[in-house]
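Throughout, our numbering is defined as the position within the sequence shown, counted from one, plus 723.
Structure, as structure tokens:
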Amino acid sequence: MNSVTETCVVSAPIDKVFKFLSNIENIPKWATKFVKKLTLVNGKYKVLTPIGEAFIRFDTDQKAGLIDIYAGPTEESMTPAYMRIISLQNNSTAVMLTFFQYDSTPDAVWSIFCEWIKIEVENIRLYFS
Numbered sequence: 724m725n726s727v728t729e730t731c732v733v734s735a736p737i738d739k740v741f742k743f744l745s746n747i748e749n750i751p752k753w754a755t756k757f758v759k760k761l762t763l764v765n766g767k768y769k770v771l772t773p774i775g776e777a778f779i780r781f782d783t784d785q786k787a788g789l790i791d792i793y794a795g796p797t798e799e800s801m802t803p804a805y806m807r808i809i810s811l812q813n814n815s816t817a818v819m820l821t822f823f824q825y826d827s828t829p830d831a832v833w834s835i836f837c838e839w840i841k842i843e844v845e846n847i848r849l850y851f852s
């Protein structure tokens, strides 16, 4: 299984970084390639992406610094991406975002995702700079 991980370090405390990134309503501010629009429909979040509409949800654990991002065309077919928020010295924070290529992801789409993740993580770095 293929995977891609991108990391950035920001000059902001972990609590501030986690609060921003764990709020699903902020995803359009940093995931600018993947998320074109975020809507709330019948209590469920959906995103409009360049490859179609998808359900999206976050599972978070602030103490552990974990944000698991699930997305897919149906609630039953959502696959995760994994974000880790890590406290570093001097009030800085590392953000790691990992995607895996699941069987449902064609190679052509996977190669696009690999480029997008670089942009999305850079957007996070820029947001906190």
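Every residue, glycine too, gets a C-beta built ideally from N, C-alpha and C.
Backbone CA spacing between residue i and residue j [nearest angstrom]
| i | j | result |
| --- | --- | --- |
| residue 761 | residue 776 | 10 angstroms |
| residue 828 | residue 751 | 22 angstroms |
| residue 737 | residue 724 | 31 angstroms |
| residue 811 | residue 817 | 7 angstroms |
| residue 778 | residue 805 | 16 angstroms |
Candidates the options: closest to residue i by CA position
| i | options | result |
| --- | --- | --- |
| residue 808 | 755, 835 and 742 | 742 |
| residue 831 | 774, 755 and 798 | 774 |
According to DSSP, residues forming a beta bridge with residue i
| i | result |
| --- | --- |
| residue 731 | 818 |
| residue 852 | DSSP output for residue 852 lists no bridge partner at all. |
| residue 726 | 823 |
Cβ neighbours of residue i in the same chain (closer than 7 angstroms, five flanking residues each side left out)
| i | result |
| --- | --- |
| residue 840 | 727, 729, 820 and 822 |
| residue 850 | 752 and 753 |
| residue 771 | 759 and 760 |
Runs of 4 residues minimum, wholly inside the segment 748–822: which ones carry the alpha helix (DSSP H) assignment? For the alpha helix (DSSP H) assignment, the uninterrupted runs of no fewer than 4 residues enclosed by the segment 748–822 are, from N- to C-terminal side, 750–753.
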